[in-house]
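Data first, discussion second: the structure below is written as structure tokens.
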Amino acid sequence: MQSSKRARMAIFLTVFVDLLGFGIVIPILPLYAQAIADHPSPWMASVNHFLGLGGIGTTPGAFWAGVGFLSYSVMQFIASPILGRISDKAGRKPVLWMSLVGSALGYLMLALTSRFEWMLAARILDGITGGNISVAQAAMADTSEPEERSKVLGMIGAAFGLGFVLGPAMAGLLSGSGFGHHLLATRGWHLPFFVAAGLSLLASLMVLFWLPETLTPEVRARARSHESRGHALVKALKRPGMPQILGVSLLAMAGFAMMEGTFALLVHQRFDFHQREVGYLFAGIGVLLVVYQGGLVRVVAKRVPERVALITGLVLMGVTLPLMPKAAWMWPFVLLFIPLSWGSGMGNTAGTALASRLTPPEDQGALFGVINAMTGLGRIVGPAVGTFTFARWGGQTTYTVAGLTLGLALVLALTLSPTPPKEVP
């Protein structure tokens, strides 16, 4: 039991430190891409011309920032199930360490280059090694009994929330500051990339020296005896209830990502907010996620069946999203963050716990890799649909489509058996 508690704390701190670095980078990356787009290489200029991005009123920087985000998401979508399966056979610790080192190298490349080609290579490298969260989830599942799975997986969500509260705040402190200009001869906002690289390296050292291996030799041996050709998704789809859960993961993330991809546009349009105010709003969402994942998830996990929690979370998100563009002033808009954030936390945690119950121990890593691949696909589809509908028809259409997408996820969730599944031996 003491070893399990130590492992959980090590995993929590590792994910928090890693997500802190990720939270630092995300607000800075669009500025980085914009700076590159202002001085495009010949092939980038040709692409801009082909897409009609050179005229008045166009923003080529947004396009190239999207390419950077897309390259990361696509590579993570491909690599995450593979890393999960490798962790089932080789153990969680070496795969998690390798993923964090890859993230550190990717951030370091971002800090040292001002060419888009190297930025793209850095995002691809970070995406390939970006399966650290799925492996951390599998390691957390290794340390828990089925009935406490929602509670311990909520610790991962709390680490996410803390990282996204403190990360953007640190980015604002570091980027473009006198401190940053003093340390670097280049643009001051390169400094956050160095800090993010250092944090990922710190997390890798925590894994190396503090995290015990959570996968038992017996489970690892069973995983090695299974034939695996990268068909983790096919195996998952054969289990009763898993197609619905994976479909919910994809649709829920796509709907939520439509909001994420257009949130800054909406608040600028509605309330004339700018970068700092948007950062404060995202920090507020992070605080609400921490409150839920760090405390309320324990109450929900004890008193609410996982299927009911999943359905409730989807309803909260699906109802809230279409209301956001209708808010006439700021405070009603801000109050909508409560059902949105708690619905997201409730749905994500319950869905993951249900999937974990349906999967044998030797396939847990592959399972979380598949789930993260589904959410990664949602992060590809959601912003693409969201930004297009926002540009073409406005924010109300985008957030209505997002709500309808959550509605489709709800339909799938309702087809799950009301009887709580027993853990697969």
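First residue of the sequence shown? That's -16 in my numbering, and the numbers climb one at a time after it.
Ideal Cβ placement from N, Cα and C applies to all residues, glycine included.
- The stretch -14 to -5 and the stretch 65 to 74 do not touch, with fewer than 3 CB-CB distances between them shorter than 8 Å.
- Closest in C-alpha terms to residue 333, from the list 377, 368, 282, 313, comes 282.
- If you draw a 10 Å sphere on the C-beta of residue 325, you find 16 or more other C-beta atoms in it, and that means buried.
- The beta carbon of residue 184 is closer than 7 Å to those of 87 in its chain, skipping five residues each way along the sequence.
- Leaving aside the five residues that flank residue 99 on each side, the residues in its chain whose CB is nearer than 7 Å to its CB run, in chain order, 19, 24, 27, 47.
- In terms of Cβ geometry, residue 60 and residue 356 form a close pair [threshold 7 Å].
- The three-state secondary structure of residue 101, taken from DSSP, is helix.
- Here residue 68 is buried: its Cβ has 16 or more other Cβ atoms, across all protein chains shown, within 10 Å.
- Between the beta-carbon of residue 368 and that of residue 394 there is about 19 Å, and that puts the pair past the 8 Å contact cut.
- Contact between residue 378 and residue 249 is confirmed by a C-beta separation of about 5 Å, below the 8 Å threshold.
- By the C-beta criterion, the stretch 76 to 90 is judged to be in contact with the stretch 98 to 117, since at least 3 inter-stretch pairs fall below 8 Å.
- For the pair residue 35 and residue 29, the Cα-to-Cα distance works out to about 10 Å.
- In this structure, 115 is the residue among 372, 33, 94, 115 with its C-alpha nearest to the C-alpha of residue 65.
- When the five nearest sequence neighbours on each side are left out, the beta carbons in the same chain lying within less than 6 Å of the beta carbon of residue 316 are those of 310, in order along the chain.
- Between residue 5 and residue 111, the alpha-carbon positions lie close to 15 Å from each other.
- Between the alpha carbons of residue 146 and residue -1 lies a distance of about 6 Å.
- For residue 32, the uninterrupted alpha helix (DSSP H) run begins and ends at 25 to 34, by DSSP.
- Residue 249 sits in a helix when the DSSP states are folded into three classes.
- Sixteen is the threshold: since fewer than 16 other Cβ atoms of the shown chains lie within 10 Å of the Cβ of residue -12, the residue is exposed.
- Bounds of any alpha helix (DSSP H) do not take in residue 74, whose DSSP letter is neither H nor E.
- Taking every protein chain shown into account, the CB of residue 32 has fewer than 16 other CB atoms within 10 angstroms, so this residue is exposed.
- Here residue 289 is buried: its Cβ has 16 or more other Cβ atoms, across all protein chains shown, within 10 Å.
- Taken through DSSP and simplified to helix, strand or coil, residue 21 comes out as coil.
- Membership of residue 295 in the alpha helix (DSSP H) is indicated by the continuous run 289 to 306.
- Taking C-beta atoms as the reference points, residue 235 and residue 122 fail to come closer than 7 Å.
- Taken in chain order, the whole beta strand (DSSP E) runs of length 3 or more contained in the stretch 364 to 388 number zero.
- Relative to the Cα of residue 381, the nearest Cα in the group 303, 399, 312 belongs to 303.
- In the three-state reduction of the DSSP assignment, residue 195 falls in the coil class.
- Close CB contacts of residue 386 within its chain, under the 6 Å cut and outside five residues either way in sequence, are with 301, 304, 305 (chain order).
- With fewer than 16 neighbouring CB atoms inside 10 Å of its own CB, residue 286 falls in the exposed class.
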